[in-house]
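Chemist: All the letters of the sequence shown, read from the start, carry residue numbers 1 to 693 under full-length UniProt numbering. Where is the CB? At the ideal position from N, CA and C, for every residue including glycine. This structure is a prediction, so every number in the text was calculated from the model and none was measured.
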Amino acid sequence: MSPKDAIPISSFATTQLSLLSTELQTELTETSTLLTNNTPTSLQRAGLAITNLTLNSQRTGLGGKTVIELVPDSATALAGADGAFSLPAHGIRSGDLVVVSEQPAGSARKREVKEGEGRRSRGVVTRVGRGMLANDATYKRFVFSCLLLVLILKIFWGVGLLIWMYICRMNQTMTRLLKMKEDEYSSFIRILFGHGSPSPVSDPGAIEWIDPSLNDSQKDAIKFALGSREIALIHGPPGTGKTHTLIELILQMLKRDLRVLVCGPSNISVDNIVERLAPHKIPIVRLGHPARLLPSIVHHSLDYLTQTSDAAAIVKDVRKEMDTKQASIKKTLNGRERKAIYMDLRELRKEFRDREKKCIGTLVGGSKVVLATLHGAGGFQTRDERFDVVIIDEASQALEAQCWVPLLRASKVVLAGDHLQLPPTIKSLNSKSKSKAKDADGEGIIKGMTLEKTLFDRLLGLHGPEIKRMLTTQYRMHEKIMTFPSNELYESKLIAADAVKGRLLKDLPYEVQETEDTAEPLIFFDTQGGDFPEKNEEEDVDKKKVGKSLMGDSKSNEMEAVLVKQHVENLVDDGVNPEDIAVITPYNAQVALMARAMKEVFPGIELGSVDGFQGREKEVVIVSLVRSNSDREVGFLGEKRRLNVAMTRPRRQLVVIGDSETLSKNKFLKRWMDFLEENADLRYPSVAELNSK
1 MSPKDAIPIS SFATTQLSLL STELQTELTE TSTLLTNNTP TSLQRAGLAI
51 TNLTLNSQRT GLGGKTVIEL VPDSATALAG ADGAFSLPAH GIRSGDLVVV
101 SEQPAGSARK REVKEGEGRR SRGVVTRVGR GMLANDATYK RFVFSCLLLV
151 LILKIFWGVG LLIWMYICRM NQTMTRLLKM KEDEYSSFIR ILFGHGSPSP
201 VSDPGAIEWI DPSLNDSQKD AIKFALGSRE IALIHGPPGT GKTHTLIELI
251 LQMLKRDLRV LVCGPSNISV DNIVERLAPH KIPIVRLGHP ARLLPSIVHH
301 SLDYLTQTSD AAAIVKDVRK EMDTKQASIK KTLNGRERKA IYMDLRELRK
351 EFRDREKKCI GTLVGGSKVV LATLHGAGGF QTRDERFDVV IIDEASQALE
401 AQCWVPLLRA SKVVLAGDHL QLPPTIKSLN SKSKSKAKDA DGEGIIKGMT
451 LEKTLFDRLL GLHGPEIKRM LTTQYRMHEK IMTFPSNELY ESKLIAADAV
501 KGRLLKDLPY EVQETEDTAE PLIFFDTQGG DFPEKNEEED VDKKKVGKSL
551 MGDSKSNEME AVLVKQHVEN LVDDGVNPED IAVITPYNAQ VALMARAMKE
601 VFPGIELGSV DGFQGREKEV VIVSLVRSNS DREVGFLGEK RRLNVAMTRP
651 RRQLVVIGDS ETLSKNKFLK RWMDFLEENA DLRYPSVAEL NSK
């Protein structure tokens with residue numbers, strides 16, 4: 001590292017604020033267009049909304065929040081065979097952030113979207129049942145720009161759509177960094193921006209391993225992370241036991257009496273660590289809304305502990321009084337009395353929050369391991385807390401601004417991830433800073449900086465491979481599935497563990513017939529010849545059913561979808577459980593097409609996008625590449641990291657369906673096609689045969 005590589009800290013913060021603002025505006029424009037151009041009915045067809053719901057009940061939930069239960073309106077809902085009303089098909093899940101509001105119609109709906117008005121309440125879905133949906137809501141009007149997900153309901157409406165409320169906290173963090181004076185920069189912060197070099201790695205001494213099954217590369221990474229004073233990167237390629245390694249690292253840090261803050265960009269990334277730490281019986285606190293956590297770890301959540309721990313007694317009596325007041329509202333008709341009750345509730349909520357804050361301070365302050373999402377780590381619960389180390393899992397999927405939320409609370413960081421898989425999704429088309437513009441304080445915007453550049457990538461480029469250790473033994477894939485990504489992306493260093501290197505579908509722990517479809521780990525259906533043409537979604541008349549802006553110009557391939565269905569049928573006939581099969585594709589239009597064809601026939605099968613399947617695995621993964629055209633255009637399919645995700649998800653079988661002629665124009669894709677032709681079970685499907693079945 002040379003001094004010229006150092007990044008001005010104030011310029012970095014200024015640039016991040018600019019990029020985040022652009023991203024937010026892109027999200028808001030996209031959402032506004034979606035809501036304006038689509039009716040609630042079309043949004044519901046697309047799985048983004050639920051309409052025609054009415055309020056069934058309400059009560060006081062965790063943290064003094066109001067929990068409302070919504071059910072289908074009996075006037076419009078269809079009853080099942082048992083006479084019960086069911087929710088329509090939808091994509092709303094427990095943990096989704098939603099907005100509940102009245103459902104206007106026609107011009108009123110468009111006017112409300114345009115002006116950002118309406119009676120809306122933000123909340124989190126706590127439970128979804130056959131005929132009900134519970135929403136932990138905050139009853140207040142809110143600004144449209146703070147929207148995360150919307151839910152359409154009767155008299156209430158909304159749409160399941162991701163927006164960046166998180167940007168508010170990232171902005172706060174970047175602003176704090178911007179306002180720091182030079183003498184406030186710690187040596188840790190200076191090193192993260194290249195104004196100094198990491199200290200030499202020290203010898204961590206003799207280590208008594210808690211998990212005897214660790215392999216040599218995992219032990220080496222743990223020793224390196226313990227001996228590093230400021231920065232350690234753990235590079236975990238697919239299936240190499242990255243989380244397994246982090247658990248041992250956390251336990252070893254506790255032995256050294258270090259206080260650890262463990263974070264990740266998503267709830268599931270953090271919950272996976274909580275699940276694996278829990279059996280070790282160490283005091284841990286998981287920050288975050290209970291509805292967004294795995295059921296198995298809710299008892300470690302802060303909300304749960306504030307109700308059940310010894311410190312929780314100070315809030316119980318206030319909660320009980322709030323519930324009593326809430327129930328009395330329904331029995332009171334007199335307006336003056338109702339107003340008085342509401343005033344009492346407001347005072348009780350204030351007292352509840354004060355008492356709860358003391359309880360939280362006791363619980364969090366007394367914990368050696370605190371776990372939270374990167375966003376959640378910036379809450380009031382950790383405002384006055386300091387940690388010896390921050391560990392960030394899935395760091396390659398997090399925005400750098402997100403990572404800085406917990407980093408300002410520590411003096412050492414361990415980043416774990418795989419920078420050769422997909423980075424965080426960025427919606428703004430123009431995320432690069434093109435000019436050397438100046439902000440109000442005269443600080444420059446850093447030309448060429450993007451939100452796609454993660455902290456993991458930046459530190460690796462800044463300080464070099466000396467700050468990184470790679471895990472090399474993988475426990476997921478058959479050796480033949482592993483070979484191409486290992487050779488192309490991981491310096492041929494991956495080694496398949498003995499337990500997985502030769503396992504096939506026919507060897508599953510339940511009865512599966514041995515056939516040509518279950519005895520092969522790698523199958524390539526080459527659709528070259530032009531009989532499997534792609535289709536631009538704008539040409540699809542069925543798209544009108546869900547509204548133009550829901551699919552954009554996504555691609556689909558009808559004959560590939562037919563081929564996928566046929567292979568799934570063959571596997572299921574051979575005895576493979578549909579639950580062990582995943583079908584993924586880079587294009588959402590293809591996901592929708594295949595879902596219509598297979599979801600009801602094989603209810604246990606998983607269908608989704610390549611991007612959405614990152615971090616997941618299945619016994620068999622079928623990849624529909626879609627692209628097949630005379631111009632040999634591959635679009636964003638040519639992204640190495642996207643292809644890396646696609647080819648490293650399966651355990652026992654990878655099935656690739658694609659047109660080698662179209663795909664071979666891209667250099668990386670051509671090398672993959674050549675590898676498949678040499679090493680896979682190569683098949684040339686016939687359209688005539690597919691159509692005859």
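If you draw a straight line from the C-alpha of Asp384 to the C-alpha of Glu347, how long is it?
Modeler: 26 Å
Chemist: Sort Gln566, Gln421 and Leu690 by Cα distance to Asp517 and report the nearest one.
Modeler: Gln566
Chemist: Looking at the secondary structure, which residues open and close the beta strand (DSSP E) in which Leu415 lies?
Modeler: Val413 to Gly417
Chemist: Counting only runs of 4+ residues fully inside the region 642-687, write out the alpha helix (DSSP H) ranges in chain order.
Modeler: Complete alpha helix (DSSP H) runs here, min 4: 660-663 and 667-679.
Chemist: Roughly how many whole angstroms lie between the Cα atoms of Asp498 and Ser228?
Modeler: 32 Å
Chemist: Measure the C-alpha to C-alpha separation of Leu405 and Ala377 and round it to an integer number of angstroms.
Modeler: Residue 405 is actually Val in this sequence, not Leu. Their backbone Cα atoms lie some 7 Å apart in a straight line.
Chemist: According to the neighbour-count rule (16 or more other Cβ atoms, all chains shown, within 10 Å of its Cβ), is Phe193 buried or exposed?
Modeler: buried
Chemist: Can you find a CB in chain D that lies within less than 8 Å of the CB of Ala372?
Modeler: Included in the structure is just one protein chain, with no chain D present.
Chemist: Would the region 249-263 and the region 381-400 be scored as touching if the rule is three or more Cβ pairs under 8 Å?
Modeler: yes
Chemist: Below 6 Å CB to CB, which residues in the same chain sit around Pro423 once its five sequence neighbours on both sides are set aside?
Modeler: Glu452 and Thr454
Chemist: Ordered along the chain, which non-local residues of its own chain (more than five positions away) have a Cβ less than 6 Å from that of residue 770?
Modeler: The shown model of the chain, from 1 to 693, leaves out residue 770, and the question about it has no answer.
Chemist: What would DSSP say about Ala6, mapped onto helix, strand or coil?
Modeler: coil
Chemist: Looking only at its own chain, which residues have a Cβ that is under 7 Å from the Cβ of Lys506, when we skip the five neighbours before and after it?
Modeler: Val512, Glu514, Thr518 and Ala519
Chemist: In whole angstroms, what separates the C-alpha of Thr306 from that of Gln421?
Modeler: Straight through space, the alpha carbons of Gln421 and Thr306 are spaced by roughly 38 Å.
Chemist: Classify Gln172 as buried or exposed, calling it buried when 16 or more other Cβ atoms lie within 10 Å of its own Cβ.
Modeler: exposed
Chemist: Which residue's Cα is closest to the Cα of Glu619: Ile392, Arg649, Arg169 and Glu69?
Modeler: Arg649
Chemist: What does Leu177 pair with, by DSSP beta-bridge criteria?
Modeler: In DSSP, Leu177 forms no bridge with anything.
Chemist: Going by C-alpha distance, which of Ile234, Asp211 and Asn37 is nearest Thr472?
Modeler: Ile234
Chemist: For the alpha helix (DSSP H) containing Gly365, list its first residue and its last residue.
Modeler: For Gly365, the enclosing alpha helix (DSSP H) covers residues Gly335 to Gly365.
Chemist: Could you give the C-beta distance for Glu560 and Ser609, rounded to a whole number, given that I count them as a contact under 8 Å?
Modeler: Not really, about 15 Å apart at Cβ, beyond 8 Å.
Chemist: Could you compute how far the alpha carbon of Thr39 sits from the alpha carbon of Thr51?
Modeler: 11 Å
Chemist: Since I believe Ser692 is in contact with Thr662 (beta carbons under 8 Å), could you give me their beta-carbon distance rounded to a whole number of angstroms?
Modeler: Thr662 to Ser692, Cβ: 25 Å. No contact.
Chemist: For the alpha helix (DSSP H) that contains Ser486, what are its first and last residues?
Modeler: Glu479 to Leu489
Chemist: Would Ser630 and Gln528 qualify as a contact pair, given that the criterion is a beta-carbon distance under 8 Å?
Modeler: The answer is no: Cβ separation not under 8 Å.
Chemist: Distance check for Tyr490 and Ala592, CA to CA, integer angstroms please.
Modeler: 33 Å
Chemist: Whose C-alpha, out of Ser42, Glu678, Gly615 and Leu53, is nearest the C-alpha of Ser396?
Modeler: Gly615
Chemist: Which whole-angstrom value is the C-beta distance of Val364 and Cys263, which I expect to be below 8 Å?
Modeler: About 14 Å separates the two Cβ atoms, so there is no contact after all.
Chemist: Could you tell me the boundaries of the alpha helix (DSSP H) in which Asp220 lies?
Modeler: Asp216 to Gly227
Chemist: Can you tell me where the alpha helix (DSSP H) holding Ala401 begins and where it ends?
Modeler: Residue range Glu400 to Leu407 is occupied by the alpha helix (DSSP H) that includes Ala401.
Chemist: Considering only their Cβ atoms, is the gap separating Ser186 from Ser411 smaller than 8 Å?
Modeler: yes
Chemist: Can you give me the C-alpha to C-alpha distance between Ser328 and Leu345, rounded to a whole angstrom?
Modeler: 11 Å
Chemist: Which value, in whole angstroms, describes the spacing of the CA atoms of Ser554 and Pro283?
Modeler: 48 Å
Chemist: Whole angstroms are fine: how far does the CA of Arg190 sit from the CA of Asp183?
Modeler: Computed Cα separation, rounded: 11 Å.
Chemist: Report all residues from its chain with a CB closer than 8 Å to the CB of Met1; omit the five preceding and five following residues, and keep chain order.
Modeler: In this predicted model, Met1 has a pLDDT of only 49, less than 50, meaning its place in the structure is not dependable; the value taken from the coordinates is given anyway. Excluding positions up to five away in sequence, the list reads Gly194, Ser197, Leu462, His463 and Gly464.
Chemist: Closest to Asp531 by C-alpha separation, out of Leu682, Leu676, Glu558 and Asp611, would be which residue?
Modeler: Glu558
Chemist: Within the continuous alpha helix (DSSP H) that includes Val591, where are the two ends?
Modeler: For Val591, the enclosing alpha helix (DSSP H) starts and ends at Asn588 to Met598.
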